[in-house]
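S.K.: The structure is given below, and queries will be raised subsequently.
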Amino acid sequence: MDIASLLPQFGSLAMTLAAFVVALSVIVAVHEYGHYIVGRWSGIHADVFSLGFGPVLYSRVDKRGTKWQVALLPFGGFVKFRGDADAASAGVDGDAVREMTAAERRSTMSGAPLWARTATVAAGPIFNFVLAIVVFTAIGLTRGVAVEPLTVGELHPVAVPHELMSGDVILAIDGQDLPEMSEPGFGTLTETLPAAPLMEYRVLRDGREVTVQGPHPMPPVVAQLAPQSAAIASDLRARDVIVAVDGDPIYAFRQLREKVEAAEGAPLLLDVLRDGEALQVTLTPRRVDEPQASGGFETNWRIGIIGGLFFDPMTETPGVFTALMAGVANMWGIIEGSLSGLYHMVTGAISTCNMSGPIGIAEVSGAMASQGTVNFIYFIAVLSTAVGLLNLFPIPVLDGGHLVFYAYEAVAGKPPSDKVLRVLMAVGLTLILSLMVFALSNDIFCP
Numbered sequence: 001m002d003i004a005s006l007l008p009q010f011g012s013l014a015m016t017l018a019a020f021v022v023a024l025s026v027i028v029a030v031h032e033y034g035h036y037i038v039g040r041w042s043g044i045h046a047d048v049f050s051l052g053f054g055p056v057l058y059s060r061v062d063k064r065g066t067k068w069q070v071a072l073l074p075f076g077g078f079v080k081f082r083g084d085a086d087a088a089s090a091g092v093d094g095d096a097v098r099e100m101t102a103a104e105r106r107s108t109m110s111g112a113p114l115w116a117r118t119a120t121v122a123a124g125p126i127f128n129f130v131l132a133i134v135v136f137t138a139i140g141l142t143r144g145v146a147v148e149p150l151t152v153g154e155l156h157p158v159a160v161p162h163e164l165m166s167g168d169v170i171l172a173i174d175g176q177d178l179p180e181m182s183e184p185g186f187g188t189l190t191e192t193l194p195a196a197p198l199m200e201y202r203v204l205r206d207g208r209e210v211t212v213q214g215p216h217p218m219p220p221v222v223a224q225l226a227p228q229s230a231a232i233a234s235d236l237r238a239r240d241v242i243v244a245v246d247g248d249p250i251y252a253f254r255q256l257r258e259k260v261e262a263a264e265g266a267p268l269l270l271d272v273l274r275d276g277e278a279l280q281v282t283l284t285p286r287r288v289d290e291p292q293a294s295g296g297f298e299t300n301w302r303i304g305i306i307g308g309l310f311f312d313p314m315t316e317t318p319g320v321f322t323a324l325m326a327g328v329a330n331m332w333g334i335i336e337g338s339l340s341g342l343y344h345m346v347t348g349a350i351s352t353c354n355m356s357g358p359i360g361i362a363e364v365s366g367a368m369a370s371q372g373t374v375n376f377i378y379f380i381a382v383l384s385t386a387v388g389l390l391n392l393f394p395i396p397v398l399d400g401g402h403l404v405f406y407a408y409e410a411v412a413g414k415p416p417s418d419k420v421l422r423v424l425m426a427v428g429l430t431l432i433l434s435l436m437v438f439a440l441s442n443d444i445f446c447p
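See the structure below:
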């Protein structure tokens with residue numbers, strides 16, 4: 001066996017694991033810090049804040065008496081509050097609590113007022129949502145929004161030479177006036193323009209209108225790669241230019257999409273230009289359940305290539321409030337999509353293979369990290385939203401289960417009995433473990 005041939009695979013695996021650990025550690029740290037800080041503000045003392053499980057690698061005790069530690073297994077974390085029997089806050093250390101003074105019992109989770117316990121438990125998922133909003137807002141502020149009218153920024157390689165220049169303000173393409181990018185007509189225009197090697201662009205350049213030759217505005221260029229896709233598996237890369245499919249030349253991204261859909265799962269041979277070098281890639285489209293703007297899902301054949309313009313539009317920085325509202329909308333859209341996907345899986349409308357386990361999430365982490373820091377940070381925000389939502393499910397052991405117990409206490413005037421809690425916790429743990437096994441089996445057996 002040639003050991004050198006294994007090095008790229010080992011490097012890819014190491015990057016995938018490292019990206020997964022980093023993403024999970026950030027999300028867990030934010031989630032648990034939410035529990036910790038709101039608990040502290042509410043008068044509940046934390047004995048231990050742990051990032052990871054198992055043998056402790058590093059620890060220190062702060063001036064408040066909280067032990068901060070990093071453990072060997074970086075696949076979770078916990079905050080153990082005073083008076084808790086275990087890290088899951090699933091029970092009370094009765095012997096320890098009985099020996100406490102009234103003031104000390106107030107600083108335990110079990111002895112704190114209902115409002116304090118509710119706020120402390122809810123803070124974990126809420127902090128996950130806040131992290132997502134902050135990241136989406138920051139990315140929006142950093143990337144900016146395209147100026148109107150559409151103005152050419154940095155140009156990217158395409159298959160044919162053209163005359164467009166950075167700074168050109170695009171007024172019309174192929175005789176059709178250009179609508180604003182935010183209008184539906186912009187997408188319609190890019191879909192209806194002829195698939196030709198070159199077309200006429202009327203642009204404003206240095207204060208005067210000129211007509212120049214340029215490619216289709218959305219050529220078959222790889223702008224981004226979808227994780228766990230045929231394109232990723234075939235080692236296609238961002239900025240690759242696809243010039244032909246099965247020997248047929250293509251000039252617009254929609255032609256690539258049409259070729260993929262027409263193949264109905266049959267292998268496709270792509271002629272690709274990468275940094276001026278010609279190469280060929282064979283890949284097989286996969287069936288993908290795609291959410292629709294009108295609700296529901298549609299199953300299509302896809303190879304996992306995301307297209308875009310052949311240039312970066314010039315941008316301007318949006319207002320902070322505008323970026324914040326866009327961040328909230330982005331986070332909320334992920335929640336809606338997740339709930340819709342779960343509903344459609346339960347009803348059998350889409351495949352349960354859409355649910356990924358730890359292996360799938362690790363693969364996506366590595367794929368996003370390989371496409372740049374911003375894409376990886378964006379993925380962390382998406383995953384943080386999903387973790388926050390999952391923790392709100394009304395399942396004992398999860399935060400949502402604790403909140404259900406507190407709601408019962410608010411109505412009944414007393415918490416559920418210890419016996420009932422133990423039974424419900426066992427049921428909840430069984431459900432979570434079953435879900436984990438199911439998701440892991442998806443990672444292993446789903447195509």
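In this note's numbering, the protein residues as written are 1 to 447. C-beta: ideal position from N, C-alpha, C; glycine also.
1. Pull up the CB-CB distance for N391 and L398, whole angstroms please, since I reckon it's below 8 Å.
2. I'd like the ranges of any beta strand (DSSP E) spanning at least 3 consecutive residues and lying wholly in the stretch 176-247.
3. Helix, strand or coil for S107? Go by DSSP, reduced to three states.
4. Do I303 and L268 count as a contact pair if the criterion is CB distance below 9 Å?
5. Can you give me the C-alpha to C-alpha distance between D418 and V328, rounded to a whole angstrom?
6. Would you mind listing the beta strand (DSSP E) stretches within the stretch 250-303 that are 3+ residues and don't spill past its ends, in chain order?
7. Could you tell me the distance, in whole angstroms, from the CA atom of L440 to the CA atom of K63?
8. Look up S351 in the DSSP assignment and say whether it is helix, strand or coil.
9. Once DSSP output is grouped into helix, strand and coil, what is the label at T151?
10. So V79 is in the beta strand (DSSP E); what residue range does that whole segment cover?
11. Just verifying my parser: in three-state terms, what is the DSSP assignment at D443?
12. By Cβ distance below 6 Å, which residues in the same chain neighbour Y36 in space, the five residues on each side in sequence not counted?
13. Among T66, T192, H402 and R205, which one has its Cα closest to the Cα of S110?
14. Could you check if V320 is buried or exposed, using at least 16 other CB atoms within 10 Å of its CB as the buried criterion?
15. Do M355 and M345 come within 9 Å of each other at the CB atom, strictly closer than that value?
16. For G43 and P113, I'd like the C-alpha separation in whole angstroms.
17. Determine the closest residue to A386 out of L73, A71, I133 and K67, with distance taken between C-alpha atoms.
18. From the DSSP output, in three-state form, read off P157 for me.
19. Apart from the five residues just before and just after A195, which ones in its own chain have a Cβ nearer than 8 Å to its Cβ?
20. Would you decide whether R257 is buried or exposed? Buried here means 16 or more other CB atoms lie within 10 Å of its CB.
21. What did DSSP end up calling S166 once you bin it into helix, strand or coil?
22. Assuming N442 and G357 form a contact by the criterion Cβ under 8 Å, report the distance between their Cβ atoms to the nearest whole angstrom.
M.R.: Inspection of the coordinates gives the following:
1. Confirmed, Cβ separation roughly 5 Å.
2. List check, beta strand (DSSP E) in window: 199-205, 208-214 and 241-245.
3. Correct three-state label for S107: coil.
4. Against a cut-off of 9 Å, the Cβ pair of I303 and L268 comes out as a contact.
5. Approximately 39 Å between the Cα atoms of the pair.
6. Segments of the beta strand (DSSP E) lying fully in the stretch 250-303: 268-274, 277-283, 286-291 and 297-302.
7. Whole-angstrom Cα-Cα distance: 42 Å.
8. Shown here, S351 sits in coil according to DSSP, grouped into three states, outside any helix or strand.
9. DSSP, reduced to helix, strand and coil, places T151 within a strand of the structure shown.
10. Where V79 is concerned, the enclosing beta strand (DSSP E) starts and stops at K67 to F81.
11. Helix, per DSSP.
12. Its chain contains A46, F49 and V79 as the residues whose beta carbon lies nearer than 6 Å to that of Y36, once the 5 sequence neighbours on both sides are disregarded; these appear in chain order.
13. H402 is the residue among T66, T192, H402 and R205 whose C-alpha sits nearest the C-alpha of S110.
14. By the 10 Å Cβ count, V320 comes out exposed.
15. For M345 and M355, yes; Cβs fall inside 9 Å.
16. If I take the Cα positions, the gap works out to 10 Å.
17. Considering only alpha carbons, the answer is I133.
18. DSSP places P157 in coil when its eight states are reduced to three.
19. Excluding residues within five positions, the ones whose Cβ falls inside 8 Å are H216, I250, Y251, A252, R254 and Q255.
20. It is buried - the Cβ of R257 has at least 16 other Cβ atoms within 10 Å.
21. Coil, per DSSP.
22. The C-beta distance from N442 to G357 rounds to 6 Å, short enough to fall under 8 Å.
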